[in-house]
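In order, the protein sequence lines correspond to chains A and B.
Residues in the first sequence are numbered from 3 upward in steps of one, following our numbering.
Residues in the second sequence are numbered from 5 upward in steps of one, following our numbering.
For glycine and all other residues, C-beta sits at the position ideal for the given N, C-alpha and C.
Down below is the structure, laid out as structure tokens.
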Amino acid sequence: MSFLKVDHVSKTFPVLDGPDKGQTFTVFKEVNFEIQQGEFLTMIGHSGCGKSTLLNIMAGFDEPSNGGVILDGNLITKPGLDRMVVFQSFALMPWLSTFENVRVAVKSAHPDWSPDRIKDWTQKYIDMMSLGGAESKKPAFLSGGMRQRVGLARAFAVEPKILLLDEPFAQIDALTRGAIQEELVRMWNATKSTVFMVTHDVDEAILLSDRIALMTNGPDAELAEIVEVNIPRPRSREELIDSKEYVELRSHILHFLVRGAKRQDSPPSEMHFSKKDMEVKGDNSSSEEKRQPA
Amino acid sequence: MSLVDKIKSFDYGPVFMSLGFFLVFILVWHGLTQQPDFDSTGLSENELMTMEFNGDIIQDDAGNYIYNPDKPIGIPGPAKVFDKTKSELKEIFHKKGTNDHGIGHLVWYTVKRFAIGFLAASIFAVVLGVIIGLNKKLFLALNPFIQTLKPISPLAWMPLLLYSVQDPTWTAILVVFMASLWPTVANTAFGVSTMRKDYLRVASLLEMGYFRRLFKVVLPAAAPAIVAGLRISFGSALVAVVPAEMLLGELGIGYLSWIEWNNLDISGVIFAIIVVGVVGVVLDYAFSRVAKLVTYPEM
Ligand SMILES: Nc1ncnc2c1ncn2[C@@H]1O[C@H](COP(=O)(O)OP(=O)(O)OP(=O)(O)O)[C@@H](O)[C@H]1O
Ligand SMILES: [Mg+2]
Numbered sequence: 003m004s005f006l007k008v009d010h011v012s013k014t015f016p017v018l019d020g021p022d023k024g025q026t027f028t029v030f031k032e033v034n035f036e037i038q039q040g041e042f043l044t045m046i047g048h049s050g051c052g053k054s055t056l057l058n059i060m061a062g063f064d065e066p067s068n069g070g071v072i073l074d075g076n077l078i079t080k081p082g083l084d085r086m087v088v089f090q091s092f093a094l095m096p097w098l099s100t101f102e103n104v105r106v107a108v109k110s111a112h113p114d115w116s117p118d119r120i121k122d123w124t125q126k127y128i129d130m131m132s133l134g135g136a137e138s139k140k141p142a143f144l145s146g147g148m149r150q151r152v153g154l155a156r157a158f159a160v161e162p163k164i165l166l167l168d169e170p171f172a173q174i175d176a177l178t179r180g181a182i183q184e185e186l187v188r189m190w191n192a193t194k195s196t197v198f199m200v201t202h203d204v205d206e207a208i209l210l211s212d213r214i215a216l217m218t219n220g221p222d223a224e225l226a227e228i229v230e231v232n233i234p235r236p237r238s239r240e241e242l243i244d245s246k247e248y249v250e251l252r253s254h255i256l257h258f259l260v261r262g263a264k265r266q267d268s269p270p271s272e273m274h275f276s277k278k279d280m281e282v283k284g285d286n287s288s289s290e291e292k293r294q295p296a
Numbered sequence: 005m006s007l008v009d010k011i012k013s014f015d016y017g018p019v020f021m022s023l024g025f026f027l028v029f030i031l032v033w034h035g036l037t038q039q040p041d042f043d044s045t046g047l048s049e050n051e052l053m054t055m056e057f058n059g060d061i062i063q064d065d066a067g068n069y070i071y072n073p074d075k076p077i078g079i080p081g082p083a084k085v086f087d088k089t090k091s092e093l094k095e096i097f098h099k100k101g102t103n104d105h106g107i108g109h110l111v112w113y114t115v116k117r118f119a120i121g122f123l124a125a126s127i128f129a130v131v132l133g134v135i136i137g138l139n140k141k142l143f144l145a146l147n148p149f150i151q152t153l154k155p156i157s158p159l160a161w162m163p164l165l166l167y168s169v170q171d172p173t174w175t176a177i178l179v180v181f182m183a184s185l186w187p188t189v190a191n192t193a194f195g196v197s198t199m200r201k202d203y204l205r206v207a208s209l210l211e212m213g214y215f216r217r218l219f220k221v222v223l224p225a226a227a228p229a230i231v232a233g234l235r236i237s238f239g240s241a242l243v244a245v246v247p248a249e250m251l252l253g254e255l256g257i258g259y260l261s262w263i264e265w266n267n268l269d270i271s272g273v274i275f276a277i278i279v280v281g282v283v284g285v286v287l288d289y290a291f292s293r294v295a296k297l298v299t300y301p302e303m
């Protein structure tokens with residue numbers, strides 16, 4: 003039994019506008035994948051393929067039209083403390099300070115703890131996310147990077163079974179982004195968390211992930227393949243740039259996206275990844291990539 | 005910043021401008037209300053005697069006719085209003101008979117009446133606003149009623165209220181209540197219903213119960229909108245309390261202006277107007293101090 007299983011999930015929405023108003027459209031269909039405990043899995047796909055929708059279903063904010071998500075043996079029906087979401091928009095409470103934003107989560111997760119214990123626990127995660135000194139600041143007075151640090155501290159402090167990150171660094175400037183990405187990896191290591199992340203950023207995906215799931219374009223998007231990132235950790239941005247695996251993986255993913263993120267089911271392509279191939283653990287994606295014309 | 009720096013860097017321009025405007029206002033007021041000395045040329049002895057008999061003019065020590073300073077003609081000037089203010093402030097807490105209470109008492113009556121009506125209405129309005137703000141169907145169903153009730157002048161309710169409660173004291177409070185109600189209801193419902201979904205999502209992730217969610221998330225998130233509504237209510241209640249007192253004969257600073265009018269004391273009427281303004285400013289300042297505590301910088 004896998005830790006998290008996304009099982010034949012499809013999502014259909016009513017068309018909100020335009021000539022097809024009143025009809026329905028399928029954002030994605032029959033999405034199947036599993037995440038192992040302690041794994042970092044990232045999903046990449048073009049805008050509109052339903053990444054956020056899928057993440058919302060995993061969070062319990064939204065219901066799948068078909069199929070279901072099972073976390074640690076339980077079918078997900080509503081949001082809960084076993085899954086924490088880190089939002090692209092941060093979703094911090096602007097009326098609370100940094101410290102209070104984290105504390106409110108700790109208190110919710112541990113209603114039986116003494117105020118002192120809640121305080122200590124909160125402080126621990128504030129410090130781990132390098133937020134020391136900003137405890138009493140309101141989010142409005144924090145930079146984007148600092149805000150997302152609060153978002154991450156809040157999520158990690160609850161010690162959820164899985165963290166769901168929806169383009170967490172999209173609104174953060176490139177220089178700060180690198181630092182926070184490193185902190186995320188550090189936290190993920192230290193807490194042995196399981197992470198599902200959605201992103202547009204190929205480099206970010208390779209830097210952080212164990213595996214990367216590629217979605218075809220929506221509507222009717224499908225999970226095309228899951229590639230494994232066989233680059234030893236710790237990974238540093240500098241080393242990555244020259245690493246052969248990195249270059250190959252990056253060009254593979256970019257080709258997939260540039261090709262229009264189409265599913266390569268029918269042969270004559272020399273590049274052929276089927277879902278089945280990719281789900282076999284230890285499958286060496288880089289060896290396949292070598293066959294790809296540069 | 006040290007106090008000295010603060011004082012040094014403070015821009016005194018507007019203060020001097022304010023003082024300048026005030027001075028100009030007083031001078032113009034003084035000039036416009038200046039009375040020429042009484043001129044008896046061209047008036048017969050008989051006419052003068054009739055005027056003296058009516059109390060319009062009196063004879064001064066030298067035997068010349070002058071205007072009677074106790075019988076006002078036209079609008080009193082600033083000096084007269086200043087004298088009136090001084091004498092009123094001297095007996096600020098006096099009570100002479102049922103209708104002649106010192107200004108301190110009158111302010112207190114009005115503030116009390118205002119506070120009871122406003123606070124009761126605000127609590128009621130916020131609760132109602134949150135309930136309909138959280139329930140979209142209820143919001144749509146009740147919105148036409150709220151939109152219809154909102155523009156009705158609170159004074160329009162007065163006869164009905166007086167008839168229903170049969171008590172002017174309570175009627176005055178209820179008029180304030182009616183005046184404070186709708187802006188807060190409408191704004192609270194709007195603020196709650198347009199609150200960012202993210203906050204509710206975080207609340208549901210944290211498995212907050214109904215009341216924890218209400219007090220930790222919904223109310224703080226809607227606080228800026230609620231305060232904006234309260235502020236409109238506050239102003240409309242302050243406007244309503246003066247005529248309500250006048251019409252109902254309830255002692256207070258609004259009624260003061262009416263009493264002074266009945267006494268034909270125009271200085272007193274102006275004094276009452278000034279007091280209403282000052283009380284309004286002080287209440288508004290207190291309100292904004294409280295409002296600051298619950299609003300937050302938007303992200
Ligand atoms: N509640 C909804 N009702 C109708 N259509 C919706 C709803 N939510 C999302 N959609 C549609 O579903 C599609 C997928 O949206 P989604 O936000 O999941 O895409 P995404 O992959 O996260 O895109 P992006 O990369 O831009 O964030 C879009 O076409 C969107 O318009
Ligand atoms: Mg998205």
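At a Cβ-Cβ threshold of 8 Å, A:I37 and A:F5 count as neighbours. With its beta carbon less than 8 Å from one in chain A, B:V206 belongs to the interface. Here DSSP, grouped into helix, strand and coil, assigns B:S271 to helix. As DSSP reads the structure, B:I70 sits in a beta bridge with B:I62.
Between the C-alpha atoms of B:A248 and B:A183 there is a straight-line separation of about 11 Å. Around A:P96, the beta-carbon contacts reaching into chain B at under 8 Å are Y300, P301, E302, M303.
Residue state for B:G137 is assigned as helix, using DSSP reduced to three classes.
Proximity of the beta carbon of A:E169 to ligand 2 is indicated: a heavy atom of the ligand is located closer than 7 Å. Linking A:T55 to A:F35 through their CA atoms gives a straight-line distance of about 16 Å. The count of Cβ pairs closer than 8 Å, one atom from the segment 31-44 of chain B and one from the segment 71-89 of chain B, reaches three, so the stretches are in contact. With a cut-off of 7 Å, the C-beta of A:S91 is classified as distant from ligand 2, since no heavy atom of the ligand falls inside that distance. With a cutoff of 8 Å on beta-carbon distance, A:G153 and A:F63 are scored as not near each other. When the alpha-carbon of A:V29 is set against those of A:G20, A:S49, A:L43, the nearest one is in A:S49. A direct Cα-Cα distance of roughly 25 Å separates B:M53 from B:N267. Annotation: the continuous beta strand (DSSP E) that includes A:P16 extends over 6-16. In this structure, ligand 1 has no non-hydrogen atom nearer than 7 Å to the beta-carbon of A:G24. For A:S49, the Cβ falls inside the 7 Å cut-off from some heavy atom of ligand 1.
Residue environment: B:G213 is assigned as exposed (fewer than 16 neighbouring CB atoms within 10 Å of its CB, all protein chains considered).
In this structure A:L216 touches A:F258 by the C-beta definition: roughly 5 Å separates them, less than 8 Å.
One thing to note: B:V298 has its Cβ within 8 Å of the Cβ of B:A227. B:N147 and A:Q25 have their C-alpha atoms roughly 30 Å apart. Counting only runs of 4 or more residues that sit fully inside the segment 164-209 of chain A, the alpha helix (DSSP H) segments are 176-193, in chain order. The criterion of a C-beta distance shorter than 8 Å is satisfied by B:T192 and B:G133.
Counting along the chain, B:G35 sits inside the alpha helix (DSSP H) bounded by residues 17-37. Secondary structure at A:K53: helix, using DSSP grouped into helix, strand and coil.
Nearest CB-CB separation between A:F89 and chain B: below the 8 Å threshold.
Interface flag for A:V106 against chain B is set, since a Cβ pair is found closer than 8 Å.
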